Amino acid sequence: MHWILLSVGIAIEIGATTALKLSDGFTKLGFAVLTLACFGLAFYVMSLVVRTMPVGVAYSVWAGGGIAGVTLVGALAFGQALDGFAYLGIGLIIAGVVVLNSLSSAAGG
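Under the numbering used here, think of the first position of the sequence shown as 46, with each following residue one higher.
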């Protein structure tokens, strides 16, 4: 269950970061409010995750998933150019999450 919650939290955090970009330096009130609401909700979800998952593992997956997700949103929604190393980095992040989830006992089940 904590993996599902962590995935939801990461998705909300990606939405918050996207809204932050769209807020144009907090000059667009709707996106600014959405940014704050989503970050607040994402941190609440993270607080639920760390009840049952080691905080180091949860934060590592959170940060890696957020980096990969925001990078892909930047490419798809905002036209950010990605090179082969960017895709390699995203692949390594995903591989790290898979290793944590499937091979490491540190993930807490």
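Ideal placement from N, C-alpha and C gives every residue a C-beta, glycine not left out.
This structure is a prediction, so every number in the text was calculated from the model and none was measured.
Taking a contact as a CB-CB distance under 8 Å, the pair Ala-103 and Leu-51 counts as one, their CB atoms being some 6 Å apart. In the three-state DSSP reduction, Ala-64 falls in the helix class (H, G or I). Look at the beta carbons and you see the segment 58–72 touching the segment 115–131: at least three pairs across the two are nearer than 8 Å.
The beta carbon of Thr-62 sits closer than 6 Å to those of Val-115, all from its chain and outside the five residues before and after it, given in chain order. For Phe-88, the uninterrupted alpha helix (DSSP H) run begins and ends at 74–94, by DSSP. At the C-beta level, Gly-54 and Ala-87 come within 8 Å of one another. Counting the other Cβ atoms within 10 Å of the Cβ of Gly-75 gives fewer than 16, which makes it exposed. In this structure, Ala-140 lies away from Pro-99, with their beta-carbon atoms at least 8 Å apart.
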